[in-house]
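Heads up, the thing below is written out as structure tokens.
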Amino acid sequence: MVKKGLFISIISVGLVFLISTTSHAAAKILKFATAISPPFTILNANQELQGFDIDIAKALCEKMQVQCTFNNDHFSNMILSLKTNKYDAWINAISIDEYHQKDVSFSKPYFSSTIQLMAIKDTTFNAAPVEIKGKTIGAEENSCFIHHLKNAYGDTIKIRIFPTESDAYIALEKGTIDAVIGDSTTLMHWRSKQKDSKKYRLIGLPAKYSNLVWHKYGIAIAKDNVELMKKLNDAINQIKSDGTLRELVKKYFGN
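As structure tokens, then:
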């Protein structure tokens, strides 16, 4: 009877250990969310997420020694999905800006780019206030571009908000808006994939709007997740110092 009791006790301890280690393993799965925004996030023919941001996240997960999952969602869901812990982090060429920082926290930057407008080539206006007055500019929902446009131009322009970048591009093609505002890398990538890429032109923004010209990208997480923030920042430092980040930038952007 003693042996039987001991055997049962050993089994019980084993089950507790198994449950404990299984729970620990589950805790090491980091749930990333993103939205389609080539070349940062791309959905390939097999419906798999690829791109610069996906490779960055995978490199960070390797440094943190955690398993990562990637979920395709709408960018407009970012804040709520982090607050409700649906996802642990968002990586989606997200600008580190004061508007989003009210609701989420950002890692240190891993990339920087410029903001530009894209219009049909036959148009002649530029981004100076006197030129852009009365124009309709398309922007993705929940993006920092909306706030930047309002700050720079006030009510002198019309801002039309779209659920996705793709919807804004379609509107530009149809001529229902005058221009799209976005990350210059994303705009150039989209233009390069069009049959008549010369149909579109990029418009630089006036230097006096310095907050519009350059912006830095970070990974968004819930405000109270201090532990994850430290791990992400440490991992970003590692991929910067060991050359991983430099190689990924070269792979996708050639510089």
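Sequential numbering from 7 applies to the sequence shown in the numbering used here. For every residue, glycine included, the Cβ atom is placed at its ideal position computed from N, Cα and C.
When Ile126, Ala145 and Gln122 are compared against Ala284, the one with the closest alpha-carbon
With the chain running from 7 to 261 in the structure shown, residue 284 is simply not present.
Using only CA atoms, which one of Lys127, Thr162 and Asp128 lies nearest to Thr142?
Thr162
So, helix, strand or coil for Gln73, using DSSP?
strand
Sequence-distant residues of the same chain with beta carbon closer than 6 Å to Arg166, five excluded per side:
Thr142, Gly144 and Ile183
Just to confirm the assignment, what range does the alpha helix (DSSP H) spanning Phe2 have?
Outside the displayed range of the chain (7 to 261) lies residue 2, so it cannot be described from this structure.
Which residue comes first and which comes last in the beta strand (DSSP E) that contains Leu36?
Ile35 to Thr40
CB contact flag (Ile35, Val72, <8 Å)
yes
From the DSSP output, which residues share a beta bridge with Met124?
Val186 and Leu208
Is it true that the region 85–98 meets the region 247–260, where meeting means three or more beta-carbon pairs spaced less than 8 Å apart?
no
Comparing alpha-carbon positions, which option in Thr75, Phe46, Asn50 and Asp230 lies nearest Phe117?
Phe46
Option in Lys180, Lys156, Asp189 and Lys92 with minimal Cα separation from His221:
Asp189
Count the other CB atoms, across all protein chains shown, that sit within 10 Å of the CB of Asn98; report buried if there are 16 or more and exposed otherwise.
buried
What do you reckon, are the CB atoms on Asn277 and Ala228 nearer than 8 Å?
Shown here, the chain extends from 7 to 261; a query on residue 277 therefore has no answer.
Could you tell me which of Lys256, Ile242, Tyr258 and Gly260 sits nearest to Ser113, measuring between CA atoms?
Ile242
Just the C-alpha distance for Gln200 and Tyr175, rounded to the nearest angstrom, thanks.
11 Å
Where does Ser149 fall in DSSP's three states?
coil
Give me the Cα-Cα distance between Cys74 and Lys108, rounded to the nearest whole angstrom.
26 Å
Of the residues Met235, Lys257, Tyr258 and Asp173, which one's Cα is nearest the Cα of Lys115?
Looking at the sequence itself, residue 115 is Pro, so the reference to Lys does not match. Among Met235, Lys257, Tyr258 and Asp173, the Cα nearest to that of Pro115 belongs to Met235.
Enumerated in chain order, which unbroken segments of the beta strand (DSSP E) with a length of 3 residues or greater are wholly contained in the region 81–110?
95–101
Spatial neighbours of Ser26 within its chain, please: CB distance less than 8 Å, with the 5 preceding and 5 following residues excluded, ordered by chain position.
Reliability of the predicted coordinates at Ser26 is poor, the pLDDT of 38 falling under 50, and the value obtained from them is presented with this limitation in mind. Closer than 8 Å at Cβ, skipping near neighbours: no residue.
State the DSSP-derived secondary structure class of Lys236, mapped to helix, strand or coil.
helix
Under a three-way DSSP split, which group does Gln244 fall into?
helix
Use the C-beta contact count for Leu140: other C-beta atoms within 10 angstroms, 16 or more gives buried, fewer gives exposed.
First, the residue type needs correcting, since residue 140 is Gly and not Leu in the sequence shown. Label assigned to Gly140: exposed.
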